[in-house]
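Comments concern the structure below.
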Amino acid sequence: MRTTPRPSRSPEGKNLVASARSHSLTQQHAAPLWVFSALWSGRPVTLHRDHETTRTPAQELQEKGREMENGVGKGDVPDDANEHCPGTQSEEAGKADACAGCPNQQICATAPKGPDPDVVAIVERLATVKHKLLVLSGKGGVGKSTFSAQLSFALAEMDHQVGLLDIDICGPSIPKMLGLEGQDIHQSNLGWSPVYVESNLGVMSIGFMLPDPDDAVIWRGPRKNGLIKQFLKDVDWGEIDYLVVDAPPGTSDEHISIVQYLQATGIDGAIIVTTPQQVSLIDVRKEINFCKKVGVPVLGVVENMSGLRQPLSDLRFVKSDGAGETDATEWALNYIKEKAPELLSVMACSEVFDSSKGGAEKMCHEMGVPFLGKVPMDPQLCKASEEGRSCFADQKCSASAPALQNIVKKLIKTE
Amino acid sequence: MENGGGGKGKGDVPDDANEYCPGTQSETAGKADACAGCPNQQICSTAPKGPDPDVVAIVERLATVKHKLLVLSGKGGVGKSTFSAQLSFALAEMDHQVGLLDIDICGPSIPKMLGLEGQDIHQSNLGWLPVYVESNLGVMSIGFMLRNPDDAVIWRGPRKNGLIKQFLKDVDWGGIDYLGVDAPPGTSDEHISIVQYLQATGINGTIIVTTPQQVSLIDVRKEINFCKKVGVPVLGVVENMSGLRQPLSDLRFVKPGEAGETDVTEWALNYIKEKAPELLSVMACSEVFDSSKGGAEKMCHEMGVPFLGKLCKAAEEGRSCFADQRCSASAPALQSIVKKLIKTK
């Protein structure tokens, strides 16, 4: 059977075929079969979406906007379904009159329906988890994993039982940040055992499952969802007070799935991490709207990398002239000690990311979500993350640890 | 794990397929003996097979594009979009015809970075028109299609792939010298798709951006292996945020005290002017991200890919780094990286 359309006789027919192909956003290559049969028979064709042959890109997106909830709402209505589709999960799926000619008809009529039994298993498994927190961000590289790791350390130090689940499948950072590289996952008859940093802090990540840490995980959405489901179903967390879930940036498969799977068991809320830059705040606003749309409470926003602060003596100095650059650190420090010794007792602050437009605090005020606090950019915190240490364990992270401690206290209070 | 790469190699073999699955693209898919009882049997026997006609359309459309460059990173927030934007500005200033395609569907940063927020996409009979920053620099992003910039784009993989396909098929770039493609972080749907769709028309190579941190380098190694696996040449790695550099006069100063902190910036600057004026001619450098383990340069050496150079914090907010005198720290480094890239073309 040909999959490419036969040339249509009428010019209108030609247009419809062309637009049917361009508007088809499913994995199918050609327009639905019923379009062609209708054209040949001379019947007027009503595309299930709209009747215009040309739409502006913005209009196309608005159309899709109607289905944005499809991933999380009730009754999946696929893109290429007929009008009046009863929904793929309905009793009549594939059998209703409206289904005649729909490309999904056979699948709907034969596929199993009803609630996903895996979700039932997840609810059972997570019944022993008191609080579930998601750590999200629209933007990448703002410090979600660093924050998740330090939050877990902080909660564990307060003598809570803590679990940390890393659902970033393509770029799992958690094993590194907790000093657990090279560890394996063991199984018991109760399920998969998390990898324990301390007796009350267990961790799970795909990072533990890669034979070679440099192996790329080149998976499309459905496969990632499958693993996330397995993490929720099969990992034996035991009885824990807090399950912290570290998500990748964005609002795609992982995020839709984690909300879908956890919704039955209840999500306490999401903590959103950002930096002060406008480019981050744009994405974070989207993330806040995602949470509102899917009904996850936003416990608050953390502004990370909120300025760099270090003693003047920690800086390097370079002098540039026509020939290039020379390191002038030693000269500069001696010069300061000699001529301006009082400078050695001050802290030098740089605003690495421009927050002149108000930063995250102003955005929280505008969007009606709590602002949890600012964490300065602290090279010592970066080092602690690289080495898998808690920033609260010693006094080195003097710039960032107090700020983080405050934020954790605020979170516990709201719980 | 290669299965997710679907389309490369011969025949997709789904996870739950029977043993001896002939592959979903095979002639006997769904009909072979081995297919009996396989959950995908019905889909395989009824779904259309053969090469994707959209890929043919993409090849035609991109025939007028001389060079296609991907900007990738395993890690988020390292400066891919910033680098893509500045690279496009640089190439445009060298009088090339440039296109910049943003395939980050969930978090499109390019409109902001080029100062094009609020712009719309117009259509002509030739297709969708890119939004032009300058007469020789056109941009396409989902950011231009959102009614409200705060709207979250909550799409699963297949839908994102569909839009990326549409960007490649329907956008009328015209005859351009360079098409830069800014990807989101990771090695998932968008990356698999862009490689699949562009492979027929030829990808010149990819530039990988990272920061010096080990946590970034772990993800970047994965990205380099992704490129090797899918056969995309790695033109080089750029180490961004390689230290923060600014004149002393740009710093703020605070004095920690018992009552809290006091801002002493004015006092400090006057003190310096009076007692140690030579300090005003030096640049203060901070290493924000620890690169004591060798950073990106060492990683490139280990993985056998070219190292293009280091960048300090680059400009944002719609300005070309070269047009602005404030980016005195990063513009020369960026310029030399761009020159290296052009040479390898």
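Quick note, the sequences are listed as chains E and P, same order. The first sequence: position 204 = 204 (our numbering), numbered continuously. The second sequence: position 306 = 721 (our numbering), numbered continuously. From the three backbone atoms N, C-alpha and C, an ideal C-beta is built for every residue, glycine too.
- Around the beta carbon of E:ASP184, fewer than 16 other beta carbons sit within 10 angstroms, so the residue counts as exposed.
- Using a Cβ-Cβ distance cut-off of 8 Å, the segment 302-316 of chain E and the segment 618-638 of chain P are not in contact, since fewer than three pairs of beta carbons, one from each stretch, lie closer than that value.
- Distance from the CA of P:GLY542 to the CA of P:VAL568, rounded to the nearest whole angstrom, comes to 23 Å.
- Non-local beta-carbon contacts of E:TRP331 in its own chain, meaning distances under 7 Å to residues more than five positions away in sequence, are absent.
- Using beta-carbon distances, P:ARG571 counts as an interface residue toward chain E, with a partner under 8 Å.
- Within chain E, no residue has its CB atom less than 8 Å from the CB of P:MET714, the nearest being about 10 Å off.
- Think of a sphere of 8 Å around the beta carbon of P:GLN629: the chain E residues whose beta carbon falls inside it are LYS176 and GLU386, in chain order.
- In the structure shown, the three-state DSSP call for P:GLY572 is helix.
- By the CB criterion at 8 Å, E:VAL279 and P:MET528 fall inside the cutoff.
- If you keep only unbroken alpha helix (DSSP H) runs of at least 4 residues inside the segment 319-365 of chain E, you get 329-339.
- Near chain P, meaning a CB-to-CB distance below 7 Å, the residues of the segment 373-399 of chain E are MET377, PRO379, CYS382, LYS383, SER385 and GLU386.
- Inter-segment contact for the segment 700-719 of chain P and the segment 391-410 of chain E is absent: fewer than three beta-carbon pairs are separated by less than 8 Å.
- If you draw a straight line from the Cα of P:LEU749 to the Cα of P:ILE591, it is about 22 Å long.
- For P:TYR612, the enclosing alpha helix (DSSP H) begins and ends at 604-614.
- In the three-state DSSP reduction, P:PHE668 falls in the strand class (E or B).
- In the pairwise beta carbon analysis, the segment 210-217 of chain E is classified as not touching the segment 136-156 of chain E: fewer than three pairs are separated by under 8 Å.
- The closest CA to that of P:GLY522, considering only P:GLY533, P:GLY514, P:ASP565 and P:LEU659, is found on P:ASP565.
- With a cutoff of 8 Å on beta-carbon distance, E:LYS132 and E:ILE267 are scored as near each other.
- At a C-beta separation below 7 Å, P:ARG476 has no neighbours in chain E, since its nearest C-beta there lies roughly 12 Å away.
- In this structure, DSSP gives P:CYS700 an extended state, which the three-state scheme calls strand.
- Between the segment 489-498 of chain P and the segment 650-665 of chain P there are three or more C-beta pairs closer than 8 Å, enough to call the two in contact.
- If you check each beta-carbon in the segment 271-283 of chain E against every beta-carbon of chain P, the ones closer than 9 Å belong to THR275, GLN277, GLN278, VAL279, SER280, ILE282 and ASP283.
- Interface with chain P (8 Å Cβ-Cβ cutoff): E:ALA328 is included.
- Under a criterion of Cβ atoms nearer than 7 Å, the residues of chain P adjacent to E:ALA340 are, in order, TYR686, ILE687, LYS690 and ALA691.
- At a C-beta separation below 7 Å, E:ASN104 has no neighbours in chain P, since its nearest C-beta there lies roughly 10 Å away.
- Within the model, the alpha-carbon separation for P:PRO648 versus E:TYR196 is close to 40 Å.
- Annotation for E:VAL123: ALA264 and THR265 place their beta carbon closer than 6 Å to its own, counting only its chain and skipping 5 residues before and after.
- For the options E:LYS374, E:CYS364, E:GLY373 and E:CYS397, the alpha carbon positioned closest to that of E:GLN380 is the one of E:CYS397.
- Looking at the DSSP output, E:ALA270 bridges to E:LEU134 and E:VAL298.
- In this structure, the beta-carbon distance from E:VAL245 to E:LEU134 falls below 8 Å.
- Among the CB atoms of chain P, one or more fall inside 8 Å of the CB of E:GLY140.
- Interface residue (Cβ-Cβ distance to chain P less than 8 Å): E:VAL352 is classified as such.
- Annotation: the continuous beta strand (DSSP E) that includes P:MET555 extends over 552-556.
- E:MET177 has its alpha-carbon roughly 7 Å from the corresponding atom of E:ARG389.
- Collapsing the DSSP output to three states places E:PRO249 in coil.
- When DSSP states are grouped into helix, strand and coil, P:PRO437 belongs to the coil group.
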